[in-house]
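In the working numbering, the protein residues as written are 106 to 386.
What follows is a set of notes on a single structure, which appears directly below.
Rendered as structure tokens:
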């Protein structure tokens, strides 16, 4: 496995790979890898010749009062996990190279970024789409892999790639969960012991909602209310949002029909966690 830490070196390597006719898969991450990230690598290995994993804690997607400085980082650990999963190249650029002092260009996807996480984290998706657009341009992947845990992010990036004719195929892969259902996330490390137990309530509330749909309930407000009532039983939980939308434009729906995204963000103590389920009827 190669570790590439500059844009010119990555670009040169990509040119060589393309000249050799190799297909490239990109797994974008901010590091502190877990099984969710590694599952994306294993999926990519089935489809492409070369798997590139980016490890970059992107400063422009964090708000002023968010956790950029304390975001967990352990590159040596990540390097070992990436190697064991079959990553061919780690691309780990420096922030100063990605965003030099005179940097002034950003990518913004309108509409889809103004609800859910976009509403509670202003500017977040502008930072996400900008860095992913740069990664697509540098790595030139044929396929990019994202986890469903960040469903809104994946849908936004898919829209960006389509609108800007980037020619990148997008694959959104299933959420990988802990035994009690908690979606794997690098931020789970912030949780105390009692908070970790309480965090399982996110998935529990979504499963109750899914059961309501399976039993025939179609009223989105009733389902959202059931999720809310379930979460209010958890003492450390503070609801940021509960959202029930379509999976294309993320429009709130009144009734469950076709493919529907049920998503939420909840603070467990001081840690903000997200989760979702996609139901099909």
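Backbone N, C-alpha and C fix where the C-beta goes; we use that ideal spot for every residue, glycine too.
The model shown is predicted, which means the values in this text are computed figures rather than measured ones.
- Around the beta carbon of residue 110, a 10 Å sphere encloses fewer than 16 other beta carbons of the protein chains shown; the residue is thus reported as exposed.
- Residue 385 is bridged by DSSP to 364.
- Distances from the alpha-carbon of residue 201 to those of 354, 213, 161 put 161 closest.
- Scanning the stretch 106–152 from its first residue to its last, the whole beta strand (DSSP E) runs of 3-plus residues come out as 107–109, 129–134.
- Taking the Cβ atoms as the reference, residue 314 lies roughly 5 Å from residue 328, within the contact range of under 8 Å.
- In the structure shown, residue 226 adopts coil according to DSSP, grouped into three states.
- Taking all protein chains in view, the Cβ of residue 332 is crowded by 16 or more other Cβ atoms within 10 Å, so the residue is classified as buried.
- Residue pairing by DSSP puts residue 282 in a beta bridge opposite 288.
- For secondary structure counted as the alpha helix (DSSP H) over 4 or more consecutive residues, the stretch 200–260 holds these complete runs in sequence order: 200–203, 222–225, 229–244.
- Secondary structure note for residue 183: its alpha helix (DSSP H) is the uninterrupted segment 180–190.
- By the neighbour-count criterion, in which a residue is buried when 16 or more other Cβ atoms sit within 10 angstroms of its Cβ, residue 354 is exposed.
- Judged by DSSP in its simplified three-state form, residue 320 adopts coil rather than helix or strand.
- Assignment of beta-bridge partners to residue 346 by DSSP yields 370.
- For residue 328, the uninterrupted alpha helix (DSSP H) run begins and ends at 325–336, by DSSP.
- In the three-state DSSP reduction, residue 351 falls in the strand class (E or B).
- Below 8 Å, enough C-beta pairs join the stretch 239–253 and the stretch 277–286 to call them touching: three or more.
- In this structure, residue 130 lies near residue 155, with their beta-carbon atoms less than 9 Å apart.
- Here residue 115 is actually not in contact with residue 233; their C-beta atoms are around 20 Å apart, not less than 8 Å.
- Rounded to whole angstroms, the gap between the alpha carbons of residue 120 and residue 241 is 14 Å.
- Straight-line spacing of the CA atoms in residue 173 and residue 292 works out to 11 Å.
- In this structure, 179 is the residue among 179, 380, 366, 228 with its C-alpha nearest to the C-alpha of residue 197.
- Per DSSP, residue 172 lies in no alpha helix (DSSP H) segment and is marked neither H nor E.
- DSSP places residue 196 in the uninterrupted beta strand (DSSP E) bounded by 194–196.
- In this structure, residue 366 sits near residue 352, with a CB-CB distance shorter than 9 Å.
- Judged by their CB atoms, residue 139 and residue 158 are not nearer to each other than the 9 Å cut-off.
- As the crow flies, the alpha-carbon of residue 272 is around 15 Å from that of residue 261.
- Distance from residue 342 to residue 373 at the Cβ level is roughly 6 Å; contact confirmed, criterion being Cβ atoms closer than 8 Å.
- Burial state of residue 377 is buried, judged by a 10 Å Cβ sphere holding 16 or more other Cβ atoms.
- Straight-line measurement puts the Cα of residue 122 at about 46 Å from the Cα of residue 300.
- Here the C-alpha atom of residue 268 lies approximately 22 Å from the C-alpha atom of residue 227.
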